[in-house]
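> With our numbering, the residue at position 31 of the sequence shown is 684, and numbering never jumps. From the three backbone atoms N, C-alpha and C, an ideal C-beta is built for every residue, glycine too. No experiment lies behind these values; they were computed from the predicted model shown. Supplied in structure tokens, the structure appears directly below.
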Amino acid sequence: MPFISRRAHNETLALIDRLRDRVTELQDDLRQVTDGDVRLARHAGTADAALTVECAALRATHAAVLERAKRLESQVDALRKDRDQLRSQLDDALGYTGDNPLYVAVDSR
Numbered sequence: 654m655p656f657i658s659r660r661a662h663n664e665t666l667a668l669i670d671r672l673r674d675r676v677t678e679l680q681d682d683l684r685q686v687t688d689g690d691v692r693l694a695r696h697a698g699t700a701d702a703a704l705t706v707e708c709a710a711l712r713a714t715h716a717a718v719l720e721r722a723k724r725l726e727s728q729v730d731a732l733r734k735d736r737d738q739l740r741s742q743l744d745d746a747l748g749y750t751g752d753n754p755l756y757v758a759v760d761s762r
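Here it is in structure tokens:
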């Protein structure tokens, strides 16, 4: 068995103690980081679920708005058609033709 001086032995024991302390510190740091990762993952999952719900609500709202816009556009088209028919009926009733300068001036507004 090789001879190790008491000083070298004590230095080695001190180094081992410091290494154990450092390993303990690093394990604590790792535990804290892991706990933080778990909390972040949980929060991300909750946020993702909330965004999914909000996206679904937004899609439903968008579909409803789009449907209403189509209905309103259809109503506007029907009103334009009615207006044109009424104008034509009025022209026929008043005997206007496209040659009348007053009619052209009024129609151009």
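Suppose the cutoff is 7 Å on Cβ atoms and the five residues either side in sequence are ignored; what does the same chain contact list for L732 look like?
Excluding sequence neighbours, L732 sits near nothing in its chain.
> Tell me which residues share the same chain as A702 and place their Cβ nearer than 8 Å to its Cβ, disregarding the 5 neighbours each side in the sequence.
For A702, where only same-chain residues beyond five positions count, there are no Cβ hits under 8 Å.
> List in chain order: all unbroken beta strand (DSSP E) runs of 3+ residues lying wholly within the region 720-752.
none
> Let me know the secondary structure DSSP gives I657 once reduced to three states.
coil
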